[in-house]
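Chemist: Please see the structure below; I have some questions.
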């Protein structure tokens, strides 16, 4: 395969993996196709994937929702392709919504069905069935045809470079270090917590992420969101104090109780860098901003979560239009400036919300 792909500038890639009850997904299958219709289904349980680093070294990788695929290939065989094109992102800029399932996009773009019956099959069992192999191959075989249709549509609307730029941002993030998911910062209660409670809560999320990584289990299996919040509020530094919440499982107390109170004590004594936390005022401003993005996206035919992702919305309420960069600056800077200054608003019409 590596020899046959040496002269190709672009390849399509998909993977099958198991993520259930794991800290990180486990790669079970890699599918590769070229523009000529040749397809390879590679079993990572049977062969080394290291040659993929050479095969993809100088190529554009075509994917669908490819962040996880690229991250897995980078982790397992140090694949670092120089560029990527994500058909799911491109579809979101062509009026087809985002995120949108592969079979839905195939039906919309190629006007034919794609059988997804094997989606949840057990990819770890060997030998794989012919149904599984054909399913896996079909997922990657459609990507070039979808890319062609989307590129034509986006060229007509002068948006192809938007999809290329956003795909590049996806690729860069996928190949970078995996950050702890501090999704508690998006809770409505987050800015109402005092600084010490926020620091303990952030420490507990970091602690459970390390525990999950060491045990290859999701961090929430170590400590649920609800218990993290309870412990951060109470700040117990002894096992007796930790046990005052009757809902804390006894097994958790025995196995991890000492480490939990140690983490709480550390957080109380140690300043730590914190992820961005919206203020109450920020939260109040983010809501109408996301409503504006929803209406603006509908008007433009661009998925609102591409136009204004939640992290960007937080930056906009703090920095204004200067938070925009790249294709977003081109696409919405002027309209956003008018909205933030009160010159336009969101209105309801018979066709739905609009900006005017």
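Residue numbers (this note's numbering): 443 to 798.
Even glycine gets a Cβ: it sits at the ideal position worked out from N, Cα and C.
Bear in mind that the values here come from a model prediction, so they are computed numbers and not experimental data.
(1) Helix, strand or coil for residue 503, going by three-state DSSP, please let me know.
(2) Hey, could you find the ends of the beta strand (DSSP E) residue 458 is sitting in?
(3) Which residue marks the beginning of the beta strand (DSSP E) containing residue 734, and which one marks its end?
(4) Out of curiosity, what's the CA-to-CA distance linking residue 760 and residue 796?
(5) Hey, quick one: how far does the beta strand (DSSP E) through residue 498 stretch, first residue to last?
(6) Residue 748 and residue 531 look like a contact to me (Cβ under 8 Å); what is the Cβ gap, rounded to whole Å?
(7) Identify the continuous alpha helix (DSSP H) that holds residue 639 and give its terminal residues.
(8) Could you check which residue in 537, 536 and 450 has the C-alpha nearest to that of residue 498?
(9) Sorted by chain position, which residues of the same chain lie with C-beta nearer than 6 Å to residue 716's C-beta, five sequence neighbours on each side aside?
(10) Return helix, strand or coil for residue 790, following the three-state DSSP convention.
(11) Per DSSP, what kind of secondary structure is residue 604 in: helix, strand or coil?
(12) Just checking my contact of residue 595 with residue 536 at CB under 8 Å: how many whole Å lie between their CB atoms?
(13) Excluding sequence positions up to five away, which residues of its chain have a Cβ less than 6 Å from the Cβ of residue 778?
(14) In chain order, what residues of the same chain have a beta carbon less than 7 Å from the beta carbon of residue 622, not counting five sequence neighbours either side?
(15) Does the separation of the CB atoms of residue 447 and residue 458 fall below 7 Å?
(16) How many whole angstroms separate the CB atoms of residue 605 and residue 513, which I take to be in contact at a CB cut-off of 8 Å?
Modeler: The short version:
(1) strand
(2) 452 to 460
(3) Note, residue 734: premise wrong, no beta strand (DSSP E); alpha helix (DSSP H) at 722 to 742.
(4) Straight across, the Cα-Cα distance linking residue 760 with residue 796 is about 24 Å.
(5) Counting along the chain, residue 498 falls outside any beta strand (DSSP E), and DSSP gives it neither H nor E.
(6) 7 Å
(7) 637 to 657
(8) 450
(9) 644
(10) strand
(11) helix
(12) Contact flag correct, Cβ pair sits at about 5 Å.
(13) 763
(14) 647, 648 and 651
(15) Their beta carbons are not under 7 Å apart, which means residue 447 does not touch residue 458 by this criterion.
(16) Between residue 513 and residue 605 the Cβ distance is about 20 Å, and since that is not below 8 Å, they are no contact.
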